[in-house]
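All remarks here apply to the structure that follows.
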Amino acid sequence: MHTLALDIGNTAVKAGCFDGPALREMAAGLTAAEVRALVKRWAPQRLIVASVAEAAVLAVEELQDLVPGEILAFSPGTTPVPLRSVYATLHTLGADRLAGAVGAASLRPGQDTLIIDAGTALKLDLVTADGTYHGGSIAPGLSMRLRALHHFTGRLPLLELPPPDATIPLVGDSTTGSLLSGVVNGTVAEIMGLLAHYQQRYPRLGVLLTGAMPLFCRPVSRLVSLWCLSWCCSA
């Protein structure tokens with residue numbers, strides 16, 4: 046059976062194409078036209094959608110005529126998952142966070158795992174060895190931090206993120222360099238600090254990293270058990 050999983054985020058659309066349980070193809074940054082082309086090419090018997098973007102959810106309705114079988118909207122609070130949750134407000138939990146927790150529990154069963162999802166927002170989520178999802182933290186992502194510094198000041202420029210392989214000096218010798226150091230190096234330091242607290246509490250903690258920011262996180266990457274394009278697709 047062909048299954049297509051769509052992870053519709055605030056910034057990008059990711060897709061995972063499955064033949065039975067095997068992941069055969071993954072793609073990221075898809076346009077609406079590219080999603081339609083992917084659906085036509087794979088002709089999935091089942092479409093699973095995890096979305097945090099309301100407008101994008103409505104666009105999925107256009108795919109109904111292309112999918113002969115089931116279309117499942119992955120939704121915290123209504124979609125059954127093989128995890129116990131102690132999250133106090135499950136109805137407000139993002140589908141991406143819960144899907145990431147399900148994917149992590151599947152890939153690392155019986156192990157304490159921290160998921161670091163660095164996309165539009167920086168999210169850390171904890172799944173413990175007993176299969177319980179606890180929640181975690183949400184903070185602005187890199188691009189959001191750059192936009193906020195420009196928006197809430199009079200003269201700071203609006204910067205784009207540099208190429209992922211760029212080295213960001215600790216000491217910025219210009220306004221541009223100082224902004225990039227504060228945003229990129231500061232976010233890495235934030236992750237490392239939080240990770241240290243988690244490791245004190247859970248000494249055997251494994252770390253799973255996803256999103257665009259891992260490409261900037263060389264210090265974090267050395268501590269990572271696995272990197273994945275999309276936990277929503279893995280889940």
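Counting from 1 along the sequence shown, just add 45 to a position and that's the residue number in this note's numbering. We put the beta carbon where it would ideally sit given N, CA and C, even for glycine.
- Among the bridge pairs identified by DSSP, F63 is matched with T48, L68.
- An exposed status is given to S219, since fewer than 16 other beta-carbon atoms sit within 10 Å of its beta-carbon.
- In the three-state reduction of the DSSP assignment, A144 falls in the helix class.
- Under the three-state reduction of DSSP, G180 is assigned to strand.
- Bounds of the beta strand (DSSP E) holding T158 are 158-163.
- Distance from the Cα of E235 is smallest, within the candidate group T212, T165, P185, E79, for P185.
- Check the Cα spacing between L224 and each of H195, A78, Y243: the tightest is with H195.
- The distance from the Cβ of N55 to that of A98 is about 6 Å, consistent with a contact at the 8 Å cut-off.
- CA-to-CA, the gap between V172 and T158 works out to about 5 Å.
- Within the region 79-118, complete alpha helix (DSSP H) segments of at least 4 residues are found at 99-105, given in chain order.
- Proximity to P208 across V216, V229, R200, R192 peaks at V229, based on C-alpha coordinates.
- In the three-state reduction of the DSSP assignment, I53 falls in the strand class, which pools E and B.
- CA-to-CA, the gap between A78 and V84 works out to about 10 Å.
- In the three-state reduction of the DSSP assignment, R129 falls in the strand class.
- Counting other Cβ atoms within 10 Å of its Cβ, A146 reaches 16 or more and is therefore classed as buried.
- Per DSSP, T220 is not a residue of any beta strand (DSSP E); the alpha helix (DSSP H) it occupies stretches across 220-225.
- The Cβ-Cβ distance between G181 and A150 does not fall below 8 Å.
- If you check the CB distance, G251 and R153 come in under 8 Å.
- The Cβ atoms of L138 and P127 lie no closer than 8 Å to each other.
- A241 sits in a helix when the DSSP states are folded into three classes.
- A straight-line Cα-Cα distance of about 40 Å links T232 and E115.
- The Cβ atoms of R192 and L203 sit closer than 8 Å to each other.
- A distance of 8 Å or more separates the beta carbons of A57 and A72.
- For E205, the closest of G217, H136, S188 by C-alpha to C-alpha distance is S188.
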